Amino acid sequence: MPDPFETLGLDPTQTALYTAVLRLHRATRTDLAQAMDGPVEKVGRQLDDLVKLGVIDEQSGEYLARHPAAALGRVIADRLDRLAEESRRIDSALGSIRSLIRDYDVGRDYQSGTFTVEMVNGADVMYESVVGIAVQSPPMELLTAVPDERTMIDFARKFAELWIDAQERKILTVHAIIPVSTLALPGVRDQLTRVLETGGKVRTLDRVPSWFMTAGPEVAGLPPYWGGNLPDHAYNFYLIRTPIVVGMLRTLFRELWARAVPLPWGRRSDGMVQVLRLAAQGMCDDSIARQLGVSVRTVRARFADAMSELGAQSRFHAGVEAARRGWLR
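Residue numbers (the working numbering): 33 to 361.
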C-alpha cells in the first residue's frame, strides 16, 4: 500500500507536523511548536504550507485537521487542474506543428513516389463519389473548377440536386469557379441560386484553365489531359489521394478564386445590378432613386460597390463589364 502521507503530497517534515495536528485536534502555534520541539516562527511557516495544501484549517488562531478524505480530494483536484493545463499545452504544441506535419507527409510521399491513383468512370459515379467522400468526414469543402458549357448544362439538368441536398444536410460545401458564358445557359442560374442559398459559393472567370477538383484536404480529381473537360472524355477522370497533388490544386484554386468575380445574385448584389440596369437605360441618379424607392446616396453607394466588385474605373466601364459578365441579362 502507498504511504498515505505521500499520497496527500506531504514531505517528511510536513508529515510529522500533520500527525501532531491530528493528535492534538485543536492546537495553537505555540502548542504545536512545543510538540515539534521547534521554534514557533518555523512551525508557523510549516502550518501555513499545510493550510495551502488543504490538509488542515486555521480557525481563530487554532489549527485542526481536515478529514483525510476531504484533504485528498483537494490534492486530487489540484493535480487534475495541473494535468488539464498540461494537456492544453500539449494540444497547443501539437497544433503549432500541424502544418509542419503536413509538409513532412507531403515530402515523404514525394520522395517515396507513393501516388494513389484511381480511374473513375461516368458522371453519376463522379457526383456520387464526391458525396461519399463527404459522408466520411463532414463537413467537407469541395473546390471545383469547370471550364466548359457542357458540364454546366449536365450539372443543371441532372446532377445539381445531389450536391444541393448534401449541402442542405451540412455534409458538403461547394466552392465553384465557372466560365462567365455559362450563366446564360438554360437552368444554370436557377441551380446556382440554390447552391448559394444552401451555403455554397460560386465565382466566374472569362476562361477556366481546366477541370479539376479537391474533395477535402486529401482527395483530388484531375482530367485525363490537363486543360480538358469531363464530357469530352465520357466523364472519366483520375481520383488521386496524394497530399502534394491535393495541396498544389488547392493553391491553384485559391489563386483563380482571387481573380474571379462573384455572381451578381444575392441581396447586396441585386442592388448593384438594379442600378446598373437602370443606368443602361439612360436614367440619371435621381430617376434611379425614385424608381427603386431609395435615396440618391444609396444609388451612388451601389454604383461604388459595383465598380469595386467589377474592378471598373468608371460607371461606364462598370456597365460594360457587367454586360460582358452576364449581370444585366
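Cβ coordinates follow ideal geometry from the N, Cα and C atoms, glycine included. In this text, all values refer to a predicted model and were calculated from it rather than measured experimentally.
Per DSSP, which residues does P211 bridge with? Please list them.
P211 is bridged to L237.
Chain-order list of residues whose beta-carbon lies under 6 Å from that of R58 (same chain, five-residue window excluded)
Listed in chain order, the non-local C-beta contacts of R58 below 6 Å within the same chain comprise E94 and L96, local neighbours out to five positions each way being set aside.
Where does G351 land, buried or exposed, given buried means 16+ other C-beta within 10 angstroms?
G351 is buried by the Cβ-count criterion.
Secondary structure at P171, three-state DSSP: helix, strand or coil?
Here P171 sits in coil by DSSP.
Excluding five sequence neighbours on each side, which residues of the same chain lie with their C-beta closer than 6 Å to the C-beta of R309?
Cβ neighbours of R309 beyond the five flanking positions: L360.
For N261 and A292, what's the separation of their Cα atoms in angstroms?
Their backbone Cα atoms lie some 19 Å apart in a straight line.
Give the straight-line distance between the Cα atoms of R98 and E117, rounded to the nearest whole angstrom.
Approximately 27 Å between the Cα atoms of the pair.
Where the alpha helix (DSSP H) through Y50 begins and ends
Note, Y50: alpha helix (DSSP H), P44 to L56.
Report all residues from its chain with a CB closer than 7 Å to the CB of V167; omit the five preceding and five following residues, and keep chain order.
Residues I203 of the same chain have their beta carbon placed closer than 7 Å to that of V167, with the five preceding and five following residues left out of the count.
DSSP three-state call for M315: helix, strand or coil?
If DSSP states are grouped into helix, strand and coil, M315 belongs with coil.
Just to check my reading of the structure: V53 and R61 have Cβ atoms closer than 8 Å, yes? What is that Cβ distance to the nearest angstrom?
Rounded to the nearest angstrom, the Cβ distance from V53 to R61 is 11 Å, too far for a contact under 8 Å.
Is the region 279 to 286 touching the region 303 to 317 in the sense that three or more CB pairs, one from each, lie closer than 8 Å?
No, the region 303 to 317 is not in contact with the region 279 to 286.
Using the rule of at least 16 other Cβ atoms within 10 Å of the residue's Cβ for burial, across every protein chain shown, is R121 buried or exposed?
It is exposed - the Cβ of R121 has fewer than 16 other Cβ atoms within 10 Å.
Looking only at DSSP bridge pairs, what is D80 linked to?
Under DSSP, D80 shares a beta bridge with no residue.
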